[in-house]
Amino acid sequence: AGALVHVYKDGAVLLTHGGTEMGQGLYTKMLQVASRALGIPIGKIHTNECATDKVPNTSPTAASSGSDLNGMAVKEACEKIMTRLQPIIENKPTASWEVWVHDAYFQHISLSATGYYATPDLFFDSETNKGRCFNYYCYGAAASEVQIDCLTGDHVVVRTDIVMDVGNSLNPAIDIGQIEGAFSQGYGLFLLEDYRISPKGDLLTKVQELTSYPPLETHLQNLMLHFSTNRTTLHPYTLQ
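Here's what the structure looks like:
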């Protein structure tokens, strides 16, 4: 994954990376990464849409890897700029970000940098069907208490508890929304949608207009979501 970061002489920052925003909050997380790496408020950073004329040969934004791959690329690009600014920062440690950037501009220091990241040690052997395709996996569990009307078949989800191991979340509010949305999609898929398959095995109901979501106010009375934080040193990746 790649990233391109421009810092302008007034202190504004323009961020472009190879990730695609589709409502999952990726751009917000990338702004957070850049903000922390540069040590400036998010309000000073602007983000561009993903475009191959800015960042070529992008990695797919899939399999919950968008934040990891693009975040590390953004981090590397920002760290390159901070390394160039370091002599100015050491000379004026109490000055503002705008002063550091202004001085760098007049000292002809490049305020643009690229970053690149590839997950290490990934491989797959197609002959043995073995390998390491991902750096890690996200695990979770859910349990629901449901009331069913035996006469009509109607039902109400009284309570649902979800436990997810998301590691150290970049943005818990975004991740909570994603997990709740995923549960609602699964709920709708298995209980509310008319799932039709052709005699040849083709899925016929695959258009967005036929997707159904449960009315949360009546079908999900109590949705409780917990992040797993109980990790042991012996089994750091287990769900306790």
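So that you can map any letter, position 124 of the sequence shown is 156 in the numbering used here, and since no number is skipped, the others follow by simple counting.
In this text, a Cβ means the ideal position worked out from N, Cα and C, and glycines have one as well.
These figures come from a predicted structure and were not determined experimentally.
(Q) Looking at T60: is its Cβ nearer than 7 Å to the Cβ of V87? (A) no
Given L36, which residues of its chain have a CB within under 6 Å of its CB, disregarding the five upstream and five downstream residues? T48, K86, V87, T146
Quiz item: Under three-state DSSP, which class holds G43?
Solution: coil
Could you have a look at E111 and say whether DSSP puts it in helix, strand or coil?
helix
Buried or exposed by the 16-neighbour rule on C-beta atoms within 10 Å, applied to T261: exposed
For Y168, does the count of other Cβ atoms within 10 angstroms reach 16, so buried, or fall short, so exposed?
exposed
Quiz prompt | Sequence-distant residues of the same chain with beta carbon closer than 8 Å to H78, five excluded per side | solution = A44, V45, L46, L47
Exercise. Of the residues K41, L257, Y245, K238, which one's Cα is nearest the Cα of Q139?
Worked result: K41
| said: Runs of 3 residues minimum, wholly inside the region 61-101: which ones carry the beta strand (DSSP E) assignment? | reply: 77-79
### Task
Throw me the rounded Cβ distance for the T192 and M256 pair, which I believe falls under 8 Å.
7 Å
* In whole angstroms, what separates the C-alpha of Y269 from that of A136? -> Note that Y269 has pLDDT 47, beneath the 50 cutoff, so the model's placement of it is unreliable and no number is given.
Check your understanding: Among V131, A127, A33, G57, which has the Cα closest to the Cα of V39?
Key -> V131
Quickly, what does DSSP pair E286 with across the bridge? List them, please.
-> Nothing about residue 286 can be reported from this structure: the residues present for the chain run from 33 to 272 only.
**OP:** On a CA-only basis, which of K112, T52, L58 is nearest T84? Give me that one, please.
**Re:** T52
By alpha-carbon positions, which one of V198, V188, S91, I74 ends up nearest to N254? V188
*Assumed close pair L33, S91 - CB separation to whole angstroms, cut-off 8 Å*: The sequence given here has Ala at residue 33, not Leu. A33 to S91, Cβ: 4 Å. Contact.
Simplified DSSP assignment, three categories, for V198: coil
ask   = From I194, L63, F259, G199, pick the residue whose C-alpha is nearest to that of I74; which is it?
value = L63
Rounded to the nearest angstrom, what separates Q118 and S144 at their Cα positions? 15 Å
Item checked: First through last residue of the alpha helix (DSSP H) which encompasses D135 -> 129-138
Kindly indicate the opening and closing residues of the alpha helix (DSSP H) around S230.
Neither: S230 is in no alpha helix (DSSP H) and is coded neither H nor E.
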